[in-house]
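Going by the numbering used here, the letters in the sequence shown line up with residues 1058 to 1316, in that order.
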Amino acid sequence: NRELVLNSVLVTGANRGLGLGIVHRLLQQQQQASPRFIFATCRCTDEQSAKELRNLAEHHASLLVVEMDITDRASVERAVRVVDEAVGEEGLNLLVNNAGTLQTGSLGSLSADSMLQCYHTNAVAPAILTEAFLPLLNRAADFNVKLPMGCQKAAVVNVSSEAGSISSVPGNFHISKVYPYRASKAALNMLIRCLAEELKEQGILCVALHPGWVRTRMGGSRAQIGIEESITGILGVMACLTEKDNGSFLDWRGQTVPW
């Protein structure tokens, strides 16, 4: 697999699971390939849940742990200022909207609160985040104007799920009904299609990625693939993204997922 070579990347929900795994793998890349800035965000940086992230940052100057509650606009704006100060004129190359929540529920057990919480975290927050970091993404696209579309230039990657694929429901609904999660991920997929249309003129690539059903705290023990396999796959896919992939929905193997 090709390594993901870029100047800067921001990963949300980076204190555990897939987000933490992505940070680990980026730090393990050969020195000339490792990003100059890795911004790893989580809701509360001084909690026990962020301990591993803080320990990593003590040993890697390129890793900056940034406190950001993705559902709080003021918190997001503070994080933007931190990133802006670090990257300067080169901007932010890659925004990975990874943070998410899994709210269960099906007919007979639905609640408005769980539906709204899922929508806020999984669909609304990535929209607000992308809007907030857009000036830095635009700056990166301008700074790398001669580069073709891709993560090395400027890109937004939304970590989505096959559960949000409307045409896949008949094949996987019996595995996990999870109405709130499915609906929120379908909304996230619409967001990436809209972003791809709006931002293509600026040279910013926008893609939805399904990491697989991964054995993490959120994915559970019944999940089909290990976290290392998923991370190897999605980083390899991100490294190879080009203009033809703009607005697409891909899985960790680079295969197209139906909308």
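Note that CB positions come from ideal geometry on N, CA and C, so glycine has one too.
These numbers come from a predicted model, not from an experiment.
Scanning the stretch 1124–1165 from its first residue to its last, the whole beta strand (DSSP E) runs of 3-plus residues come out as 1151–1154. The stretch 1217–1292 contains, as complete beta strand (DSSP E) runs of 3+ residues, the segments 1262–1267 (chain order). Between the stretch 1237–1250 and the stretch 1279–1298, the count of Cβ pairs shorter than 8 Å is below three; the stretches do not touch.
Check the Cα spacing between residue 1103 and each of 1125, 1282, 1144, 1091: the tightest is with 1125.
Take the alpha-carbon of residue 1236 and the one of residue 1164: they are about 8 Å apart. The stretch 1207–1215 and the stretch 1146–1162 touch, with no fewer than 3 CB-CB distances between them shorter than 8 Å. Counting along the chain, residue 1307 sits inside no alpha helix (DSSP H); it lies in the beta strand (DSSP E) bounded by residues 1306–1308.
In the DSSP assignment, residue 1099 falls within the unbroken beta strand (DSSP E) covering 1094–1099.
Across the structure, residue 1135 and residue 1252 are spaced so that their CA atoms are roughly 23 Å apart. Across the set 1074, 1067, 1064, the C-alpha of 1074 shows the shortest separation from the C-alpha of residue 1274. When the beta-carbon positions are compared, residue 1291 and residue 1270 stay at least 9 Å from each other. The C-alpha of residue 1266 lies about 23 Å from the C-alpha of residue 1133. Going by beta carbons, residue 1189 and residue 1259 fall outside the 9 Å limit. The beta-carbon separation of residue 1063 and residue 1195, rounded to 16 Å, does not stay under the 8 Å limit for a contact. Closest in C-alpha terms to residue 1130, from the list 1145, 1142, 1181, comes 1181.
The residue from 1284, 1305, 1127 with its alpha-carbon nearest to that of residue 1080 is 1284. Residue state for residue 1121 is assigned as strand, using DSSP reduced to three classes. Of the candidates 1121, 1224, 1162, 1268, 1121 places its Cα closest to the Cα of residue 1142. Residue 1172 and residue 1240 have their C-alpha atoms roughly 9 Å apart.
Of the candidates 1208, 1096, 1222, the residue whose Cα lies closest to the Cα of residue 1306 is 1222.
Distance from residue 1248 to residue 1184 at the Cβ level is roughly 5 Å; contact confirmed, criterion being Cβ atoms closer than 8 Å. Taking the Cβ atoms as the reference, residue 1158 lies roughly 4 Å from residue 1178, within the contact range of under 8 Å. Taking each of 1127, 1094, 1070, 1279 in turn and checking the Cα distance to residue 1209, the smallest one comes out for 1094. In the three-state reduction of the DSSP assignment, residue 1072 falls in the coil class, being assigned neither a helical nor a strand state. Under DSSP, residue 1215 shares a beta bridge with 1154, 1265.
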